[in-house]
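Here the structure is laid out as structure tokens; the discussion comes afterwards.
Residue numbers (our numbering): 11 to 73.
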């Protein structure tokens, strides 16, 4: 995919839109407001492994 611009923000948004459209087609899901309301509020929480917490702390990322 070639993104036709020299603006990083425009390029990032264009790539994200392309990814969302591709996933929507692949998953047969329409991300309209009516359908988004039907989704559960959050996904099931996944425990963060200790090694990941340690690595995040080394990089100054709050977990």
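No residue lacks a Cβ here, since even glycine has one placed at the ideal position from N, Cα and C.
Beta-carbon gap between residue i and residue j smaller than 8 Å
i	j	result
residue 34	residue 41	yes
C-alpha distance - residue i paired with residue j, whole-angstrom precision
i	j	result
residue 25	residue 61	31 Å
residue 54	residue 48	16 Å
residue 39	residue 30	10 Å
Residue i beta carbon near the ligand ADP (any heavy atom closer than 7 Å)
i	result
residue 55	The model on display carries no ligand, and the ligand ADP is accordingly not part of it.
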